[in-house]
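Keeping their order, the protein sequence lines are chains W and F. Under numbering that gives the first Met the number 0, the very last position in the first sequence is 314; numbers go up by exactly one each time. Under numbering that gives the first Met the number 0, the very last position in the second sequence is 428; numbers go up by exactly one each time.
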Amino acid sequence: MVTTGRSPTGREGRLAALLVSPTVLVLALVVGFPLLEAFRQSLYGAPGVDAVTGFVAEQEPFVGLRNFTDIFTDQGERFWNAIGNTTFFGVATIVPEVLIGMAMALLMARALRGRGLIRSAILVPWAIPTAISGLLWSWIFNVDGVANKLLGTDVLWATEGFQAKLSIIIAEVWKTAPFVALLTLPGLLIIPREVYEAARIDGATAWQRFAHVTLPLVKPALTVAVLFRMLDALRMFDLPYILVGPRKSSVETLSMLAQNEAYNVRYGAAAAYAIILFGYVFVIAFVFVRVLGVNIANLDSVAPRRARRRAGVAR
Amino acid sequence: MPLRRTRAASLAALTTVLVAMAGCAPAPGPAEGPDAFSQRGPITVASVKDPMITARVAEWNRGHPDEPVRFIELPHGADNQRQQMIQNANTRSDAFTVLNMDCVWTAEFAAHRWVAQLPEDAFPLATLVPQTVDMARYRGRLYGVPWASDGGLLYYRADLLAAAGIHTPPTTYAELKRQCDTVLALPEAKGVACYAGQFDEYEGLTVNATEIINAAGGRVLDASGAPAVDSPAARAGLDLLVNWYADGTIPRDAITFKEEQGRQAFSTGKLLFHRNWSYLYLTANAPSRANVVAGKFGVAPLPGFSGPGASTLGGHNLGISAFGRNKGTALRFIQWFTSEENQRRNLADAADAPTVAALYQEPDLVAKYPYLPALWQSVHGAIPRPATVRYPDVTAAIQSRVYAAMTGTSTPDAALGGLRRDLSHILAN
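(1) Check whether the Cβ atoms of Leu371/F and Val365/F lie closer than 8 Å to each other.
(2) Where does Ala45/F sit, in a helix, a strand or coil, going by DSSP?
(3) Cβ of Thr387/F versus every heavy atom of the ligand HEM: is any distance shorter than 7 Å?
(4) By the DSSP assignment, the beta strand (DSSP E) with Glu11/W in it spans what residues?
(5) At a CB distance below 9 Å, what residues from the stretch 59-85 of chain F approach chain W? Give them in sequence order.
(6) Roughly how many whole angstroms lie between the Cα atoms of Gly186/W and Leu216/W?
(7) Sorted by chain position, which residues of the same chain lie with C-beta nearer than 7 Å to Val247/W's C-beta, five sequence neighbours on each side aside?
(8) Who are the neighbours of Asn430/F on chain W, taking C-beta pairs under 8 Å?
(9) Chain C partners of Thr158/W, CB-CB under 9 Å?
(10) Starting from the Cα of Lys392/F, find the closest Cα among Gly83/W, Phe281/W, Val264/W and Arg118/W and give me that residue.
(11) Residues in its own chain within less than 6 Å of Arg389/F by CB, not counting five upstream and five downstream?
(12) Taking DSSP as the reference, what is the three-state secondary structure of Arg420/F?
(13) From Ile319/F to Pro67/F, what does the alpha carbon distance come to, in whole angstroms?
(14) According to a CB-to-CB cut-off of less than 9 Å, which residues of the stretch 224-248 of chain W neighbour chain F?
(15) Which residues in the same chain have their Cβ closer than 8 Å to the Cβ of Cys179/F, if we skip the five residues on either side of it in sequence?
(16) May I ask you to report which of helix, strand or coil DSSP gives Thr311/F?
(17) Per DSSP, what are the beta-bridge partners of Asn99/F in this structure?
(18) What separation, rounded to the nearest whole angstrom, lies between the Cα atoms of Arg118/W and Gln83/F?
(19) Using CA atoms only, rank isn't needed, just tell me which of Pro124/W, Val154/W, Leu105/W and Ile139/W is closest to Ile189/W.
(20) For a contact meaning CB atoms closer than 7 Å, what does His111/F contact in chain W?
(21) Just curious, the beta strand (DSSP E) that Val68/F is in, first and last residue?
(22) For chain W, find out if any of its Cβ atoms is closer than 8 Å to the Cβ of Val355/F; answer yes or no.
(23) Are Asn316/F and Gly143/F closer than 8 Å when you measure CB to CB?
(24) If we define contact as Cβ-Cβ less than 8 Å, is Val388/F a contact residue for chain W?
(25) Let me know the secondary structure DSSP gives His273/F once reduced to three states.
(26) Please list the terminal residues of the continuous alpha helix (DSSP H) segment that includes Val172/W.
(27) Is the distance from the Cβ of Val132/F to the Cβ of Pro145/F below 8 Å?
(28) Using the beta-carbon of each residue, which ones in chain W are nearer than 7 Å to Arg138/F?
(29) Which partner residues does Val298/F have in the DSSP bridge list?
(30) Mind checking the stretch 139-165 of chain W against chain F and listing, in chain order, the residues whose C-beta falls within less than 9 Å of any C-beta there?
(31) Using a Cβ cut-off of 7 Å, which residues of the stretch 365-396 of chain F contact any Cβ in chain W, in chain order?
(32) In its own chain, which residues sit with a C-beta less than 6 Å from the C-beta of Thr53/F, not counting the 5 before and 5 after it?
(33) Is there at least one Cβ from chain F nearer than 8 Å to Tyr262/W's Cβ?
(34) Between which residues of its own chain and Ser92/F is the CB-CB distance below 7 Å, once the five residues before and five after are set aside?
(35) Using beta-carbon positions only, say whether Pro300/F and Leu153/F come within less than 8 Å of one another.
(36) Tell whether a beta-carbon distance below 8 Å holds between Leu242/W and Ser137/W.
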């Protein structure tokens, strides 16, 4: 994206190829190879048990694309449930995350005194490893836990049902809304004061200033935040695994299903699910970049300023 | 730039899953020579942290400087230990020699040839509780030596029963229910619920459900290994769980109980009867402020329907990794570790339920652990969990169907019919 409008000469081309080759090599190693290997694995089924000896066959049978086509048979029930949960969590966590994250960012941008303290305080949930926050929330959502005490209820949060989904959403939003705030804050800070002043002089209300000035100007940063969060939410694994538990159909995501298949020594099916998840995430990312591509390209023009601002924040 | 970066981020995110898949290509089984158990030299023991194992390893190392044993600590949680052992086998690694295996893994590990077949005559198997040895066999061949056992016990509040004039614990579930009705009407039993075991959707639910189904005369799999779970007897067992949960005999929050939550409920005086393993006896008798039942409870074998109850068997076996070196030393270490003398020490020092039958009758041990006779009945009358290569799938199916029936999202009939279909499907593949 840096060199456009002029085709490189042969010598420059060779130099460029040489310079990017380490990156290409690393990508081939950590992305290309596992992907191909997973695809190869997905073409094999689980070996059967020999009726006479009782031993499991040494070779996995080649089954072609059956691990993929199986999702359209009655065995696919668990897969569709998992992809439904994955999508549901993706959407249901991002909406509140964006709302709360925006509110946090506005608060951080406004804070005159104690900025550093407020910012680090808001970031604490994001800094806690998911495995730990999963455990903390499992205590909160215990039958005798804080959640029920505060609400005056005796909801069995960890049992199958919508309440299990809800507990995941709450814990996930608590953890990642600060991340959205972190990504949108630089976008807010670069909006010049003059724009607001002009709006105020024109008689814009606070809401109008937010809707017609803040929101359009912060949108590029916000889109990136949403994309990152979407990709993150689609591969959700640790939080439902720890907070509610493995193999619970209310919260089983596609990553959890792939892990469980591998756990049950069915590497072919596990690889197939992982590849489907990869494709799913890839398509979402692609659509985001294409559909919202204009906005993201706009961000390039503000990127240097953003970077300066961020460096300032870090100091 | 953002385009490339986000795409790379999405790829990197998935790589984690994919790399995990790629590293798991299965390897063919090992060859077993005639003198597989002659090699001597350094070995390792892979196990969850266990004070008895580490103590014995240190002792062994003092006496065998040429055949040292190194202890490899595996993470907590049976699932994690199993996964590490399978990874070790899939890469044909010789890192693990002796494996401390949960007794339900035998069929799977043996069928995949991850563990070596052991010579029967090397161990005094006749002195062990027969069920524990059965659980170490696959198709009649021995793949492990049981060194610790465990059975379900019925813990009951002797003080509350006595207050209602009841002096013997129930021997049937019907009697248990009648005693509850009597005792819970007393003012001193306020806030106490009747009965709980482990009913969360995990291995504990398989244990509890199979115990009650077995006690009712049903079986999950019949003697030939075929699904038999939709019999009227199995239905009677499941009905008991479903009805008791529906009418509050089993308290509502018990659907979230694993061992620890149940222990807490019993220790804090919220349960009249509680099914748990033998470890609860010592913990519930430990004097502490939160522990209101110390010295006030008794232990009995699990109740049944008409006859005695049938516990599900827990326990651990020591096996030898097919890919380990110095199997001769490993065999000798297992012989020594599982000996009667060492099991006596495990019991005396750490209350590990032994597999040597005679230890349950030793007067000084019974004096120290008054629950031993009840545990003996439990272990000796135990019915093993279904022995199958696909145990993880079988137990998952049992859990999800029983859970659905108990929570009312499926009728008992539909649950058992569904379970039968699940099991047929799992066992056919």
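Every residue, glycine too, gets a C-beta built ideally from N, C-alpha and C. Quick caveat, the model's predicted, so the values are computed rather than measured.
Put simply:
(1) yes
(2) strand
(3) Ligands in the displayed structure: none, and consequently the ligand HEM is not present.
(4) Run containing Glu11/W: none in the beta strand (DSSP E); it sits in the alpha helix (DSSP H), Gly9 to Leu26.
(5) Asp78, Arg81, Gln82 and Ile85
(6) 7 Å
(7) The sequence given here has Lys at residue 247/W, not Val. Closer than 7 Å at the Cβ level, and outside the excluded window around Lys247/W, lie Glu159 and Ala163.
(8) Any question about residue 430/F goes unanswered here, given that chain F covers just 0 to 428.
(9) Among the protein chains in the structure shown, which are W and F, there is no chain C.
(10) Sequence inspection shows Asp at residue 392/F; the Lys mentioned does not correspond to that position. That would be Val264/W, whose Cα lies nearest to the Cα of Asp392/F.
(11) Ile425
(12) helix
(13) 16 Å
(14) Leu226, Phe227, Leu230, Asp231, Leu233, Arg234, Phe236, Gly244, Pro245, Arg246, Lys247 and Ser248
(15) Cys193, Tyr194, Thr248, Leu271 and Phe272
(16) strand
(17) Leu317/F
(18) 41 Å
(19) Leu105/W
(20) Within chain W, the residues near His111/F are Val55.
(21) Here the beta strand (DSSP E) through Val68/F covers Val68 to Leu73.
(22) no
(23) Asn316/F places its beta carbon less than 8 Å from that of Gly143/F.
(24) yes
(25) strand
(26) Phe161 to Leu188
(27) Yes; because the gap between Cβ atoms is below 8 Å, this pair is in contact.
(28) Gly53
(29) Tyr154/F
(30) Asn141, Val142, Asp143, Asp153, Leu155, Trp156, Ala157, Thr158, Glu159 and Gly160
(31) Val388, Pro391, Asp392 and Ala395
(32) Phe70
(33) Tyr262/W counts as touching chain F.
(34) Phe322
(35) Yes, they are a contact pair.
(36) yes
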